[in-house]
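A quick write-up on the structure given underneath.
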Amino acid sequence: MPTELQQLRAALDAVDVELLDAIARRQKLVAEIGDIKRRAGRATRDFAREKEVIDAARARAVAAGVDADLAEDLMTRLIRASLTAQEAARVAAERHADGRRVLVIGGAGKMGRWFTQYFQSQQSQVTIADPRPVADAERWFPSWQEAGLDFDIIVVATDLALTGRILAELAAARPSGLVFDIGSLKTPLRDALHAAAAADLQVTSLHPMFGPTTRLLSGKHMIFVDVGCARATAAAKELFAATMVEQVDMQLDEHDRLIAYVLGLSHALNIAFFTALAESGEAVPRLRTMSSTTFDAQLSVAREVAAESPSLYFEIQHLNEFGLHPLAALSDATDRLLASVQSGDSEAFAELMRNGSLYFES
1 MPTELQQLRA ALDAVDVELL DAIARRQKLV AEIGDIKRRA GRATRDFARE KEVIDAARAR
61 AVAAGVDADL AEDLMTRLIR ASLTAQEAAR VAAERHADGR RVLVIGGAGK MGRWFTQYFQ
121 SQQSQVTIAD PRPVADAERW FPSWQEAGLD FDIIVVATDL ALTGRILAEL AAARPSGLVF
181 DIGSLKTPLR DALHAAAAAD LQVTSLHPMF GPTTRLLSGK HMIFVDVGCA RATAAAKELF
241 AATMVEQVDM QLDEHDRLIA YVLGLSHALN IAFFTALAES GEAVPRLRTM SSTTFDAQLS
301 VAREVAAESP SLYFEIQHLN EFGLHPLAAL SDATDRLLAS VQSGDSEAFA ELMRNGSLYF
361 ES
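Listed below in structure tokens is the structure:
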């Protein structure tokens, strides 16, 4: 005879199956709704509807004696999964790159793989050019010269130093298709990009402000830097028209000045944070036993930064001609914080916090 505990666990298993079956039924409905939206020309995301769903879930949770935050978290995850599925379906259905021949130079890299998969989802014929073999590639060549230039779209997804050289070589080779890089910085590529534009290439410059594991582009940003060929920039934007990515226009110098804060400063802060931890002698598991919400959040971000490519992050710091000022400002702020604590100057400490509060309110 099953024990009472075994019976309850079996009942719980049955409820879990019901939950998963209900989620599957929900996903089917989501797919139908997405198809109707697409055919009607309506946007994939409806913020008012999302709020309505979450508010209703919280209200039902309270009535049922369930934690409202749990209900909101569950519905938020389901909505995100729904949006991901709808966005993927729309990209595949609208196929803004349908049938086009695409060359991804550096396609074995993380972001190169992302662009490869993105274009493949639109039934594009994707060729990868990279010294590193790609086992599952439809077409692979160890260099772009061997792949040739007979492509509708050429994506340069290599490190910055190599990207500059490739763009300069492409300017001399004069391919007829759309050409764009995805570099994290633009000023090191300035001369090569302008040379390509002067050679009448359909050239523009993109910066995807998201990582290679990104599936849903809603809430993400794609920066477009027009380097003198408006037609190319418009064509690049059209490639992502079916997605929910936020398209941002920037000038080349403005891009790097802002990136010095958005990437450079945030990276530096996290590198300093985990360096201080690593050299403290205190183990992370021990710190976690007494950690706070703030510490856990910072630790999570710092862990992700520590796992990134040191060469890429050094490029972002070293090659940005606007990068030193934010780093100097960070050093100065740390010195002022240290001085206020060492001297017992509570007013100076409070002033730092007041300035921060005012900044975020502006």
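Numbering (this note's numbering), first residue to last: 1 to 362.
Note that CB positions come from ideal geometry on N, CA and C, so glycine has one too.
Please read these numbers as outputs of a predicted model, since none were measured by experiment.
Asked: Per DSSP, what kind of secondary structure is Arg174 in: helix, strand or coil?; Found: coil
Asked: Would you call the stretch 299-316 and the stretch 180-190 in contact, with 3 or more CB pairs under 8 Å?; Found: yes
Asked: Restricting to Cα atoms, I'd like to know which of Ala31, Thr127, Leu19 and Arg80 is closest to Gly219.; Found: Arg80
Asked: Tell me the rounded alpha-carbon separation between Asp249 and Ala63.; Found: 47 Å
Asked: When the Cα atoms are used, what is the spatial distance from Asp226 to Ser205?; Found: 7 Å
Asked: Please name the residue in Ala71, Arg42 and Asp296 whose C-alpha comes closest to that of Ala56.; Found: Ala71
Asked: Here's a check: name, in chain order, each residue in its chain whose Cβ is nearer than 8 Å to the Cβ of Glu50, leaving out the five neighbours to either side.; Found: Ile79
Asked: By the DSSP assignment, the alpha helix (DSSP H) with Glu246 in it spans what residues?; Found: Careful: Glu246 lies outside any alpha helix (DSSP H), inside the beta strand (DSSP E) at Glu246 to Met250.
Asked: So, are the CB atoms of His221 and Glu246 less than 9 Å apart?; Found: yes
Asked: Cβ of Asp98 within 9 Å of Cβ of Gln122?; Found: yes
Asked: Between the alpha carbons of Val30 and Ala93, how many angstroms are there, rounded?; Found: 16 Å
Asked: Do the CB positions of Thr214 and Trp144 come within less than 9 Å of each other?; Found: no
Asked: I want to know whether the stretch 267-282 touches the stretch 230-243 - three or more CB-CB distances under 8 Å.; Found: no
Asked: Thinking just about the alpha-carbon of each residue, which of Ala89, Pro208, Ala197 and Ala135 is nearest to the one in Arg231?; Found: Ala197
Asked: Helix, strand or coil, according to DSSP, for Thr127 in the structure here?; Found: strand
Asked: How would you call Met290, buried or exposed, if buried means at least 16 neighbouring beta carbons within 10 angstroms?; Found: exposed
Asked: Return the CA-CA distance between Glu361 and Arg354, expressed in angstroms with no decimal places.; Found: 11 Å
Asked: Mind checking who Thr204 pairs with in its DSSP beta bridge?; Found: Phe180
Asked: Can you list the beta strand (DSSP E) stretches of 3 or more residues lying completely in the stretch 92-125, in chain order?; Found: 101-105
Asked: In terms of alpha-carbon separation, which member of His207, Asp200 and Gly164 lies closest to Gly228?; Found: Asp200
Asked: Rounding to the nearest angstrom, what Cα-Cα distance links Phe119 and Leu217 in this structure?; Found: 15 Å
Asked: With 16 as the cutoff for other CB atoms within 10 Å, does Gln202 come out buried or exposed?; Found: buried
Asked: Give the straight-line distance between the Cα atoms of Ile153 and Ala89, rounded to the nearest whole angstrom.; Found: 22 Å
Asked: Looking at chain B, is there any beta carbon in it that lies within less than 9 Å of the beta carbon of Glu169?; Found: The structure shown contains no chain B, having only a single protein chain.
Asked: In the structure shown, what three-state DSSP assignment does Phe224 receive?; Found: strand
Asked: Pick from Ser346, Leu162 and Tyr359: whose alpha carbon is nearest that of Ala192?; Found: Leu162
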